[in-house]
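Asks: Per my numbering: the sequence shown = residues 1 to 215. Even glycine gets a Cβ: it sits at the ideal position worked out from N, Cα and C.
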Amino acid sequence: MDKLTSTQILDAGLNDWRQLAQGIHARFRTGSFTAGLRFVTAVTEAAEAANHHPDVTLTYPHVDLKLISHDVGALTQRDVDLARAISSIAHEQGLTPQPGALAEVELALDTAALADAGPFWAALLTGDARNVSGDDVVDPSGRVPLLWFQGTDAHETPRQRFHLDVWVPHDVADARIAAAVAAGGTVVDDAQAPSFTVLADGEGNRACVCTVLSR
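1) From this set, D153, A21, D189, A42, which residue's C-alpha is nearest G73's C-alpha?
2) Taking 7 Å as the threshold (C-beta atoms), are L67 and D79 in contact?
3) Note down, one range per segment and in chain order, each alpha helix (DSSP H) of at least 4 residues found wholly within the stretch 8 to 85.
4) Under 6 Å Cβ to Cβ from A117, same chain only, skipping five residues before and after it: list those, please.
5) State the DSSP-derived secondary structure class of P97, mapped to helix, strand or coil.
6) Taking just the CA atoms, how far does A26 sit from D139?
7) Using the three-state DSSP reduction, which class does T111 fall into: helix, strand or coil?
8) Identify which residue in T5, L58, S32, A85 has its Cα closest to the Cα of D16.
9) Pick helix, strand or coil for S195, following the three-state DSSP scheme.
10) Could you check if R130 is buried or exposed, using at least 16 other CB atoms within 10 Å of its CB as the buried criterion?
11) Using beta-carbon positions only, say whether T30 and P54 come within less than 7 Å of one another.
12) Using the Cβ count rule (16 or more neighbours within 10 Å means buried), how would you classify T41?
13) Give me whichever residues DSSP pairs with T186 in a beta bridge.
14) Is there a C-beta anywhere in chain C that falls below 7 Å from the one on R206?
15) Using the three-state DSSP reduction, which class does L154 fall into: helix, strand or coil?
16) Using only CA atoms, which one of V188, P99, A173, D136 lies nearest to G202?
17) May I ask you to report which of helix, strand or coil DSSP gives S88?
18) Return the bridge partner residues of W121 from the DSSP annotation.
19) Going straight from the alpha carbon of S6 to that of S214, what length do you get?
20) Does DSSP classify V181 as helix, strand or coil?
21) Would you kindly work out how many angstroms separate the C-alpha atoms of D135 and A108, rounded to a whole number?
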C-alpha cells in the first residue's frame, strides 16, 4: 500500500485521532474497566475482519490505541479505514474521544558518533545492541520512557546533549506551549513552528514541542 502523507491524514477527517511521532493515536474515555473491555473486544473483532491490528492499552477509565502499518513503517489507507471503524464502534457504545489528552515522548541525544553511540544505547535501553534502525534506537516492546528528577546543587549550565521531544496533536501544541511558559518556562526558538518549538525550563534545560505539521 502507498504511504500517506501528514496532509492526507489530516484531510481524511479522523476527528478522534491525531498523528504523532509514530502512527495515529486515539484515546476513548470508557468510565469503567468493564466498558473498556467491551470496547476492546469489539475493536478486536473489527481488526480481525480487516486483518490489521492496532496497539491497544486498556486501563481504567480509558482505552488508548495506536495505528501504523508496520510492514511499510508508515501510515496507509488501511490505518485510515480501521481508525474510522474504531471510531464508529466507540460512537455506538457512547464513548468519549479525548484527542487533547494524547502525547508521545522521544528522548534525543546529540552525537557526532552514531555508529558508536547507537549500539550502546540500544543495548542499554532494550537489552539488544542490534535494535538500531537508521538514526533511531527501536524498542520492540514499545515501552514509554520515564522522566525523573534528581536533586542537585546549583551549577553552571553545561552544553546540553540530551533533550525531550514531546509530540502532541497539532491542535494542542499552542496550549501546551502556553502552559509550559505559564509554569516558568521560556520559548527559546519558534522559527520552525509548528513543526517544533524549543522551550527551556528555569535552569535552561531544553525540550521541543513537536507536531506533524510543516514536515
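Replies: Put simply:
1) Position 73 of the sequence shown, counted from the first residue, corresponds to residue 73. The option with the nearest alpha carbon to G73 is A21.
2) Taking the first residue of the sequence shown as 1, we reach residue 79 at position 79. Taking the first residue of the sequence shown as 1, we reach residue 67 at position 67. One thing to note: D79 has its Cβ within 7 Å of the Cβ of L67.
3) DSSP runs (the alpha helix (DSSP H)) wholly in the stretch 8 to 85: 33 to 50.
4) Here residue 117 refers to the residue found at position 117 when the sequence shown is read from its first residue. In its chain, beyond the 5 residues on either side, T111 have a beta carbon closer than 6 Å to the beta carbon of A117.
5) As a first step, residue 97 must be located in the sequence shown, where it is residue number 97. It is a strand residue.
6) The residue you call residue 139 lines up with position 139 of the sequence shown. The residue you call residue 26 lines up with position 26 of the sequence shown. Cα to Cα, D139 sits roughly 21 Å from A26.
7) Residue numbering aside, residue 111 sits at position 111 when the sequence shown is read from its first letter. It is coil, neither helix nor strand.
8) Within the sequence shown, residue 16 is the residue found at index 16, counting from 1. Measuring from the Cα of D16, the nearest candidate turns out to be A85.
9) If you number the sequence shown from 1, residue 195 lands on position 195. Coil at S195, not helix or strand.
10) As a working note, residue 130 is residue 130 in the sequence shown. Exposed, since its Cβ has fewer than 16 Cβ neighbours within 10 Å.
11) Against the sequence shown, residue 30 aligns to sequence position 30. Against the sequence shown, residue 54 aligns to sequence position 54. In this structure, T30 sits away from P54, with a CB-CB distance that is not shorter than 7 Å.
12) Taking the first residue of the sequence shown as position 1, residue 41 is located at position 41. By the neighbour-count rule (16 or more Cβ atoms within 10 Å), T41 is not buried but exposed.
13) Here the question's residue 186 lines up with position 186 in the sequence shown. Beta-bridge analysis with DSSP links T186 to A200.
14) This model lacks chain C altogether, as it is built from one protein chain only.
15) Here residue 154 is taken as the residue at index 154 of the sequence shown, counted from 1. According to the sequence shown, residue 154 is Ala rather than Leu. Residue state, collapsed to three classes: coil.
16) As a position in the sequence shown, residue 202 is number 202, starting the count at 1. Ranking V188, P99, A173, D136 by Cα distance to G202 puts V188 first.
17) Here residue 88 refers to the residue found at position 88 of the sequence shown. S88: helix per DSSP, three-state reduction.
18) Sequence index remark: in the sequence shown, residue 121 carries index 121 (1-based). Answer by DSSP bridge pairing: none, since W121 is not bridged.
19) On the sequence shown, position 6 is the one that residue 6 refers to. On the sequence shown, position 214 is the one that residue 214 refers to. Distance between the alpha carbons of S6 and S214 is about 9 Å.
20) Mapped onto the sequence shown, residue 181 falls at position 181. The answer is helix: DSSP assigns V181 an H, G or I state.
21) Within the sequence shown, numbered from 1, the residue matching residue 135 stands at position 135. Within the sequence shown, numbered from 1, the residue matching residue 108 stands at position 108. Their backbone Cα atoms lie some 10 Å apart in a straight line.
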